[in-house]
Every structure is written in C-alpha cells, then in structure tokens.
Amino acid sequence: MSIFQNARFYTTVNHLKDLPPTRAEIAFVGRSNAGKSSAINTLCNRTRLAFVSKTPGRTQHINFFELGDACFLVDLPGYGYAEVPEAIRTHWVELLGRYLQTRQSLIGLLLIMDIRHPLRELDWKMVEFFGATGRPLHILLSKADKLSRQEQMKTLAAVKRELSAYPSVSVQLFSSLKKQGTEEVEKVVGHWLATLNLPENQAEDGESLAGTQPDGTLPDSD
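Per the UniProt record's numbering, residue 1 is the first one in the sequence shown, and the count goes up by one each step.
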C-alpha cells in the first residue's frame, strides 16, 4: 500500500509553540505556484487534501497530515511570493526557517520546483539552508508534462549537474497531471522511513525527536 494513501488532516499551526507531539515528519516545500499542493494530492490519491489555488501564497500555515500512528506529512508555506503584507511575509519566512532548522523530527524534505524554472535564487537558498542540517533533500521537478520527453531529460541532467556538489540532494521528474514519478517518490520516502525502524523506535525515542528552538531563520524571500 502507498505510504501516502491513508493521509488525513491532523492540525494547522501558525506558531512553533503549537507544533503537535513529535513523530517522524516528511515535509513538502516549494516556491509559490510550483505545484506543491497538486503533488501532495496526487501522491495521496486525493483531489483536495491539500488546497490547490491559482493564487500564489495561499498556504499560509504549516499543515500536518497523519500518515499512520508514527508519521506526519507536513505541508509548508510556499516561499517567494511578495504580494502580501510585509508583516505576514516576515512571519512566514521566520516560521518556515525555524521549523526547517530546529524541528528534529523532520527526517527529510521534498522540494517542489517547476521544471520550466528550476533552481531560482530562492531555491538555491533553500538547498543551501536545509543542506546544512545534513538531512536528505529530494527535489521534484514538477509539471514535467509541460515539456517534451527530450526537454525533460535535458533539464533533469542539467539540474543534477548543478547539484553535484550536494551529495544529500537527489532529483527526479514529476507530473501531477500524468501521475509521473509517484513510484520514485514512494521509494525515496520509504527509504527514509525504513532507516527509523518505525513505529517502535518512534515510541521509545519520541523525546529525542523533540525539536529545540534556537534562533534560526530562512533567508528572506524576494
């Protein structure tokens, strides 16, 4: 059965003090309108588990979805969209940055990039910022159906070359519309979870997964 198949909404958080009890967490992040919500819905085989909007910046909080008793899927705010009040944008940046840097139960990050516009400045900042934690980062080049197969492979190869200095980063093609790449995502996330020996270790070591909250922030959005 799919790792994501039984995902169900758990809670929404707007402040780190309200984060739920620690479990293993797999987080999704990406530039606004990169296809993050569509990717989550496709992987979970649902139509509206994560809200899909044509308006960038719609995800304003950290949304948690249960993937069983020992794991959460975490939908993080999109970054790079500036047409919101400055106070709100600043809060998003701090919330996102502190979660990524301090949440010890976060075992891996799925970064969504539109294949037509990969590795923009803020994407690089995210790679460098999360890469410093030493945890695995897997990039989904979304909306692959917008390109020909030849163009897809050319872009994939180019992105891999640019990221060759980051051994903890992996990359794949993905299309929510065509359901392309879902099995590869399952394999990657399955490997992350297998290293934890869930759920036994989670129950015994839950306290060790509790995140601390030192002052860590993500580089500001453009």
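Note that CB positions come from ideal geometry on N, CA and C, so glycine has one too.
Computed from a prediction, not measured in an experiment: that's the story for all the values here.
Original post:
What residues in its chain sit with their C-beta under 6 Å from that of residue 192, if we drop five residues either side in the sequence?
Top reply: Counted from its first residue, the sequence shown places residue 192 at position 192. 107 and 108, listed in sequence order.
Original post:
CA-CA distance, residue 176 and residue 102?
Top reply: In the sequence shown, counting from the first residue as 1, residue 176 sits at position 176. In the sequence shown, counting from the first residue as 1, residue 102 sits at position 102. Near 30 Å, if we compare the C-alpha coordinates of residue 102 and residue 176.
Subject >> Cα-Cα separation between residue 111 and residue 80, rounded to whole angstroms >> reply: Position 111 of the sequence shown, counted from the first residue, corresponds to residue 111. Position 80 of the sequence shown, counted from the first residue, corresponds to residue 80. C-alpha separation (whole angstroms): 14 Å.
Subject >> Which listed residue (18, 43, 33 and 20) has its alpha carbon closest to that of residue 178 >> reply: Here the question's residue 178 lines up with position 178 in the sequence shown. It is 43.
**OP:** Within its chain, find whatever has a CB closer than 8 Å to the CB of residue 147; leave out the 5 residues flanking it on each side and keep chain order.
**Re:** Working through the sequence shown from its first residue, we reach residue 147 at position 147. Contacts found: 115, 116 and 155.
Original post:
Is residue 139 near residue 169, with beta carbons less than 8 Å apart?
Top reply: Within the sequence shown, the letter at position 139 stands for residue 139. Within the sequence shown, the letter at position 169 stands for residue 169. Going by C-beta atoms, residue 139 is nearer than 8 Å to residue 169.
**OP:** Classify residue 123 as buried or exposed, calling it buried when 16 or more other Cβ atoms lie within 10 Å of its own Cβ.
**Re:** Taking the first residue of the sequence shown as position 1, residue 123 is located at position 123. With 16 or more other Cβ atoms within 10 Å, it is buried.
Subject >> Neighbourhood of residue 227 by C-beta, 7 Å cutoff - its chain only, sequence neighbours within 5 removed >> reply: Any property of residue 227 remains undetermined from this structure, which presents the chain solely from 1 to 222.
**OP:** Give the straight-line distance between the Cα atoms of residue 33 and residue 121, rounded to the nearest whole angstrom.
**Re:** One-based indexing of the sequence shown puts residue 33 at position 33. One-based indexing of the sequence shown puts residue 121 at position 121. C-alpha separation (whole angstroms): 16 Å.
Original post:
Is the Cβ-Cβ distance between residue 49 and residue 3 less than 8 Å?
Top reply: Taking the sequence shown and counting its residues from 1, one reaches residue 49 at position 49. Taking the sequence shown and counting its residues from 1, one reaches residue 3 at position 3. Cβ distance not < 8 Å, so residue 49 and residue 3 don't count as in contact.
Subject >> Sub-8 Å separation of residue 126 and residue 185 beta-carbons >> reply: Here residue 126 refers to the residue found at position 126 when the sequence shown is read from its first residue. Here residue 185 refers to the residue found at position 185 when the sequence shown is read from its first residue. No, the pair does not count as a contact, with Cβ atoms beyond the cut-off.
Subject >> Under the three-state DSSP convention, the category residue 132 falls into >> reply: Residue numbering aside, residue 132 sits at position 132 when the sequence shown is read from its first letter. Correct three-state label for residue 132: coil.
Original post:
Nearest-angstrom Cα distance between residue 16 and residue 99?
Top reply: Along the sequence shown, read from residue 1 onward, the residue named residue 16 stands at position 16. Along the sequence shown, read from residue 1 onward, the residue named residue 99 stands at position 99. About 7 Å.
Original post:
How many angstroms separate the CA atom of residue 183 from the CA atom of residue 130?
Top reply: Along the sequence shown, one-based indexing puts residue 183 at 183. Along the sequence shown, one-based indexing puts residue 130 at 130. The alpha-carbon atoms of residue 183 and residue 130 are separated by roughly 24 Å.
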